[in-house]
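Trainee: Pasting a structure below so you can have a look.
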Amino acid sequence: MMKKYSFVIIGGGVSGLICSSLLNTKNLSVLVIERGDRLGKKLSSTGNGQGNVTNVNFGAEHYFTFDEREKDKLARILNNHNEKEMLCFLESLGGLFSADDRGRVYPTGRQASAITDLLRFKLQENGVEVSLSSKVLSIEKNGETFRVTAQTPNGTVTYLADNVLLCAGGKSAKNFGTDGAGYSLAKAFGHTVTKLFPALVQVKTETADIKSLKGIRVMNAKVSAIKDKRVLATVQGDVIFTEYGVSGDGIFKISSYLTQDAETKTIELSIDLLPEIDKQKLQKIVENKYKTGKIDYTELLCGILNNQVGRAVMKRAKDISIVSDRIKNFTLKVTGTLGFDYAQVTKGGIPLREVNPSLESKKVKGLYFAGEILDVDGECGGYNLQWAYSSARTVADEINAKFVEQRGQV
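The sequence shown lines up with residues -14 to 395 when you count with our numbering.
Here's what the structure looks like:
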């Protein structure tokens, strides 16, 4: 006999863990189906394993969606369940958190896996059932009941459910089990999916002038993406030179603005290597060093920039009068990104216009969405985990209210 649950959650990532830990399991039975062999695998690696959960500079302006008409809906969801509420929730589980000088909030132990453990402990306390190493093959709805069929270690199993939450992630980082399979499950119910692009990802560039810079980090640079002489966006953060191009949190941030243009070779990155130093002051310092005649031209930026970076800049500055310009505008033509396998998040997904403010499907009653599977992505710095919380909390509140009402307690 097939077991029936009040709520089946497909995906044991951040959204699935948060939603299931917030549910009132005194009123309802919950099952989490996770494709991987353990819960929260991607969560345990976030923030380079240190657990960047949110950002004190939180606001809807740090988020993207392709549907401009739905930005008010997105803002309401985020503002209803903001970073302060998220931190109160995580602290209620037994965690302690603090922010760095860029507003990024981490557990004080700087261990992302500890956050996963706190959520896992809460699921155990609530009696939430979990099915690991289980791939959902199909979701169907007959009348008021969903039939969720999954390939499990014990063979093919079908579960019955009053409600289903689909939070199986996007298409990025398939080593965590997020290969885009969730989109197919949504499409089976008539949902559409926008074009998908890798975001928060390393950027490939022309490398002829930066081969000698592999592994060098420029702290707190200012990075602009330029197309047809138009600035698409400007961000600030670290830039790391690599064998394929550039990485670092400044590059992850700017990658969110590249989308399909990243592969067209029409985008140029302009890097201000010393944004805190005035251009005129910089030029004067360089010219004074040059006038002494005692320093080789290629070494004029010694003591101003990393020596290797300084030499790369001087190779581009054939005249002393343009040295400061080359420092403030070190350009690299973009040739692509490292793609979904290396991306932290997916840009695009199920359009927000296809869900209600509660994130319930407008097409199928009782089907909900949360997290990366929706057409919402945030900037680098904890914003995407915040969206996972805000969206999961929205669904949990709706489900809790629904089952309380059904039991005549309102």
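Glycine included, each C-beta is placed from N, C-alpha and C at the ideal position. Given the structure is predicted, the values throughout are model-derived calculations rather than measurements.
Express the C-alpha separation of serine 309 and valine 224 in angstroms, rounding to a whole number.
Mentor: Walking along the sequence shown from the start, residue 224 turns up at place 239. Walking along the sequence shown from the start, residue 309 turns up at place 324. Approximately 19 Å between the Cα atoms of the pair.
Trainee: Could you check where the beta strand (DSSP E) with tyrosine 242 kicks off and where it finishes?
Mentor: Against the sequence shown, residue 242 aligns to sequence position 257. Unbroken run through tyrosine 242: none, as it is neither H nor E.
Trainee: Could you compute how far the alpha carbon of serine 157 sits from the alpha carbon of glycine 278?
Mentor: Translated into positions along the sequence shown, residue 157 becomes position 172. Translated into positions along the sequence shown, residue 278 becomes position 293. So the alpha carbons of these two residues sit roughly 53 Å apart.
Trainee: Taking buried to mean at least 16 other C-beta atoms within 10 Å of its own C-beta, is valine 149 buried or exposed?
Mentor: For the purposes of this step, residue 149 is taken as residue 164 along the sequence shown, with counting starting at 1. Per the 10 Å Cβ criterion, buried.
Trainee: Residues in the same chain with beta-carbon distance under 8 Å from isoleucine 45, minus the five sequence neighbours each way, listed in chain order, please.
Mentor: Your numbering for residue 45 matches position 60 in the sequence shown. Per the sequence presented here, residue 45 reads as alanine, with isoleucine not at that position. Here the set comprises Lys56, Leu59, Ala60, Leu63, Asn64.
Trainee: Thinking just about the alpha-carbon of each residue, which of Ser5, Val220, Arg215, Leu267 is nearest to the one in isoleucine 252?
Mentor: Sequence index remark: in the sequence shown, residue 252 carries index 267 (1-based). The residue with the shortest Cα to Cα distance from isoleucine 252 is Arg215.
Trainee: Tell me, to the nearest whole angstrom, how far the beta carbon of phenylalanine 161 is from that of glycine 21; I am working on the premise that it is less than 8 Å.
Mentor: Residue numbering aside, residue 161 sits at position 176 when the sequence shown is read from its first letter. Residue numbering aside, residue 21 sits at position 36 when the sequence shown is read from its first letter. Yes, phenylalanine 161 and glycine 21 are in contact; Cβ-Cβ is about 7 Å, under 8 Å.
Trainee: Buried or exposed, going by whether 16 or more other CB atoms sit within 10 Å of the CB of lysine 303?
Mentor: In the sequence shown, counting from the first residue as 1, residue 303 sits at position 318. That one is exposed.
Trainee: Can you name the start and end residues of the alpha helix (DSSP H) that phenylalanine 82 belongs to?
Mentor: For the purposes of this step, residue 82 is taken as the residue at position 97 of the sequence shown. No alpha helix (DSSP H) holds phenylalanine 82; the beta strand (DSSP E) holding it covers 82 to 84.
Trainee: Just to confirm the assignment: which complete beta strand (DSSP E) runs, minimum length 3, are found wholly within the region 128 to 166?
Mentor: Segments of the beta strand (DSSP E) lying fully in the region 128 to 166: 130 to 137, 140 to 151.
Trainee: Between arginine 301 and glycine 363, what straight-line distance do the alpha-carbon atoms span, to the nearest angstrom?
Mentor: As a working mapping, residue 301 is identified with position 316 in the sequence shown. As a working mapping, residue 363 is identified with position 378 in the sequence shown. Approximately 35 Å between the Cα atoms of the pair.
Trainee: Quick check on the burial criterion: 16 or more other C-beta atoms within 10 angstroms. Buried or exposed for aspartate 213?
Mentor: On the sequence shown, residue 213 is found 228 positions in, with the first residue counted as 1. With fewer than 16 other Cβ atoms within 10 Å, it is exposed.
Trainee: Since threonine 379 and valine 186 should fall inside the 8 Å C-beta cutoff, what is the C-beta to C-beta distance between them, to a whole number of angstroms?
Mentor: Indexing the sequence shown from 1 puts residue 379 at position 394. Indexing the sequence shown from 1 puts residue 186 at position 201. Going by Cβ atoms, the distance from threonine 379 to valine 186 rounds to 27 Å, so no, they are not a contact pair.
Trainee: How about asparagine 67 and glycine 367: do their beta carbons lie closer than 7 Å?
Mentor: Along the sequence shown, one-based indexing puts residue 67 at 82. Along the sequence shown, one-based indexing puts residue 367 at 382. The answer is no: Cβ separation not under 7 Å.
Trainee: Between which residues of its own chain and serine 118 is the CB-CB distance below 6 Å, once the five residues before and five after are set aside?
Mentor: Taking the first residue of the sequence shown as position 1, residue 118 is located at position 133. Around serine 118: Asp22, Pro138.
Trainee: Counting only the same chain and skipping the five closest in sequence on each side, list residues whose C-beta sits under 7 Å from that of alanine 97.
Mentor: Translated into positions along the sequence shown, residue 97 becomes position 112. For alanine 97, where only same-chain residues beyond five positions count, the Cβ hits under 7 Å are Leu28, Ser29, Ser30, Thr31, Gly32, Gly34, Gln35, Gly36.
Trainee: List the residues that DSSP assigns as beta-bridge partners of arginine 215.
Mentor: By one-based count along the sequence shown, residue 215 stands at place 230. According to DSSP, which records beta bridges pairwise, arginine 215 is partnered with Lys212.
Trainee: Out of Asn292, Ser6, Gly167, which one is the CA nearest neighbour of leucine 103?
Mentor: As a working note, residue 103 is residue 118 in the sequence shown. Checking every option, the nearest Cα to that of leucine 103 belongs to Ser6.
Trainee: Which residue's Cα is closest to the Cα of threonine 50: Asn385, Glu357, Ile384?
Mentor: What you label residue 50 is simply residue 65 of the sequence shown in a count that begins at 1. Taking only the C-alpha atoms, the option nearest threonine 50 is Glu357.
Trainee: For cysteine 287, which residues does DSSP report across the bridge?
Mentor: Numbered from its first residue, the sequence shown carries residue 287 at position 302. Partner(s): Leu290.
Trainee: Relative to the alpha-carbon of threonine 190, which residue among Thr130, Thr163, Tyr229 has its alpha-carbon at the smallest distance?
Mentor: The sequence position of residue 190 within the sequence shown is 205, counting from 1. It is Tyr229.
Trainee: Assign glutamine 245 to buried or exposed, taking buried as 16 or more other Cβ atoms, counted over all protein chains shown, within 10 Å of its Cβ.
Mentor: On the sequence shown, position 260 is the one that residue 245 refers to. The residue in question, glutamine 245, is exposed, as its Cβ has fewer than 16 Cβ neighbours within 10 Å.
Trainee: Pull the bridge partners of phenylalanine -8 from the DSSP assignment, please.
Mentor: Against the sequence shown, residue -8 aligns to sequence position 7. Phenylalanine -8 pairs with Val15, Asn148.
Trainee: Excluding five sequence neighbours on each side, which residues of the same chain lie with their C-beta closer than 6 Å to the C-beta of lysine -11?
Mentor: Locating residue -11 in the sequence shown gives position 4, where the first residue counts as 1. Closer than 6 Å at the Cβ level, and outside the excluded window around lysine -11, lie Leu145.
Trainee: What whole-angstrom Cβ distance do serine -9 and valine 15 have, given they're in contact under 8 Å?
Mentor: Here residue -9 corresponds to residue number 6 of the sequence shown, with the count starting at 1. Here residue 15 corresponds to residue number 30 of the sequence shown, with the count starting at 1. So it is a contact: roughly 7 Å between Cβ atoms.
Trainee: Among Gly334, Ile201, Lys26, Glu272, which has the Cα closest to the Cα of valine 294?
Mentor: Numbered from its first residue, the sequence shown carries residue 294 at position 309. Minimum Cα distance to valine 294 is reached at Ile201.
Trainee: Give the straight-line distance between the Cα atoms of methionine 299 and threonine 283, rounded to the nearest whole angstrom.
Mentor: Here residue 299 refers to the residue found at position 314 when the sequence shown is read from its first residue. Here residue 283 refers to the residue found at position 298 when the sequence shown is read from its first residue. If I take the Cα positions, the gap works out to 6 Å.
Trainee: In the structure shown, what three-state DSSP assignment does lysine 449 receive?
Mentor: The first residue shown for the chain is -14 and the last is 395, placing residue 449 beyond what the model contains.
Trainee: In this structure, what does DSSP give as the bridge partners for aspartate 257?
Mentor: Taking the first residue of the sequence shown as 1, we reach residue 257 at position 272. Answer is Lys207, bridged to aspartate 257.
Trainee: Glycine 154 and glycine -2 - do their beta-carbons sit closer together than 7 Å?
Mentor: Here residue -2 refers to the residue found at position 13 when the sequence shown is read from its first residue. Here residue 154 refers to the residue found at position 169 when the sequence shown is read from its first residue. Contact flag set, yes.
Trainee: Buried or exposed for phenylalanine 106, going by 16 or more other Cβ atoms inside 10 Å?
Mentor: Within the sequence shown, the letter at position 121 stands for residue 106. Label assigned to phenylalanine 106: exposed.
Trainee: Nearest-angstrom Cα distance between proline 92 and alanine 373?
Mentor: Residue mapping note: residue 92 aligns to position 107 of the sequence shown, counting from 1. Residue mapping note: residue 373 aligns to position 388 of the sequence shown, counting from 1. Using only the alpha carbons, I get a separation of about 17 Å.
Trainee: Quick check: aspartate 360 and threonine 179, are their CB atoms within less than 7 Å of each other?
Mentor: Here the question's residue 360 lines up with position 375 in the sequence shown. Here the question's residue 179 lines up with position 194 in the sequence shown. Result yes, Cβ atoms of aspartate 360 and threonine 179 sit closer than 7 Å.
Trainee: Compute the minimum distance between the beta carbon of glutamine 293 and the heavy atoms of the ligand PLP, and state whether it is under 6 Å.
Mentor: The ligand PLP is not part of the structure shown, which contains no ligands of any sort.
Trainee: Between the Cα of aspartate 86 and the Cα atoms of Asn42, Leu344, Asn291, Val389, which residue gives the shortest distance?
Mentor: For the purposes of this step, residue 86 is identified with residue 101 of the sequence shown, where counting begins at 1. The option with the nearest alpha carbon to aspartate 86 is Asn42.
Trainee: Pull up the distance between the alpha-carbon of tyrosine 168 and that of glycine 25, whole angstroms please.
Mentor: Residue numbering aside, residue 168 sits at position 183 when the sequence shown is read from its first letter. Residue numbering aside, residue 25 sits at position 40 when the sequence shown is read from its first letter. Spanning the two alpha carbons is a distance of roughly 20 Å.
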